[in-house]
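Everything below concerns the one structure shown next.
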Amino acid sequence: RHAIKPVIPKGQLYIQCFGPFEVFYNGEPLLSLTKRAKELFAYLVDQAGAVSSAADIISTLFPNNAESYFRVVKRDLEKALAEIGEEDILVKSWGKLGIRREKLLCDYYEYLDGNPDALNLYRGAYMLQYDWAQPTPLHMKEQ
Numbered sequence: 004r005h006a007i008k009p010v011i012p013k014g015q016l017y018i019q020c021f022g023p024f025e026v027f028y029n030g031e032p033l034l035s036l037t038k039r040a041k042e043l044f045a046y047l048v049d050q051a052g053a054v055s056s057a058a059d060i061i062s063t064l065f066p067n068n069a070e071s072y073f074r075v076v077k078r079d080l081e082k083a084l085a086e087i088g089e090e091d092i093l094v095k096s097w098g099k100l101g102i103r104r105e106k107l108l109c110d111y112y113e114y115l116d117g118n119p120d121a122l123n124l125y126r127g128a129y130m131l132q133y134d135w136a137q138p139t140p141l142h143m144k145e146q
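In structure tokens form, the structure reads like this:
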């Protein structure tokens with residue numbers, strides 16, 4: 004059973020973490036994200052605004068790949084966000100990457116902030132397609 008999606012203002016990016024991770028723009032999935040760029044974005048969203056080192060990201064998402072692979076994936080993410088005018092969501096510095104949490108509409112962030120509507124959206128599934136996302140504070144909150 005899927006939760007009812009919130010109404011998203013036109014031109015707004017919306018991040019769905021409950022169930023499968025998805026990025027919506029104007030109410031439609033953002034198809035310009037490559038599979039790996041989408042996973043990188045999911046990781047950054049999961050960090051809820053904390054900045055991660057390239058080494059941590061690589062060891063979690065791309066353990067068998069070189070730093071050059073990470074740079075290509077990061078560039079793909081930057082390009083997809085730039086195409087919709089949202090490149091300022093990313094926080095970038097030498098060897099570090101994060102997001103500006105306050106710039107995103109996200110079911111997970113609404114849940115963490117105690118929004119009662121978001122509490123109703125959560126049905127026990129979080130970023131289903133990513134194994135690394137399963138042990139989160141969200142799941143511990145229920146115990």
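Under our numbering, the first residue of the sequence shown carries the number 4, and numbering increases by one thereafter. Cβ atoms here follow ideal geometry from the backbone N, Cα and C, with glycine treated the same way.
Return yes when the Cβ of residue j is within less than 7 Å of the Cβ of residue i, no when it is not.
i	j	result
LEU43	VAL76	yes
MET130	PHE65	no
PHE21	LEU93	no
LEU107	GLN15	no
ASP79	ALA45	no
Could you tell me how far apart the beta carbons of residue i and residue j are, in whole angstroms, since I believe they sit closer than 8 Å?
i	j	result
SER35	ALA83	4 Å
LEU100	VAL54	7 Å
Can you tell me which of the options puts its alpha carbon nearest to the alpha carbon of residue i?
i	options	result
GLN50	GLU86, GLU105, LEU33	GLU105
GLU89	ASP59, SER96, ILE102, SER56	ILE102
GLY98	ILE18, ALA136, TYR111, ARG74	ARG74
TYR111	GLY30, GLY52, TYR28	GLY52
What are the residues that DSSP puts in a beta bridge with residue i?
i	result
TYR3	The requested residue 3 does not occur in the structure, where the chain is confined to residues 4 to 146.
TYR28	LEU16, GLU31
My parser needs the beta strand (DSSP E) runs of 3 or more residues fully inside the region 44–101; what are they?
With a minimum length of 3 residues, the continuous beta strand (DSSP E) runs that stay inside the region 44–101 are 93–96.
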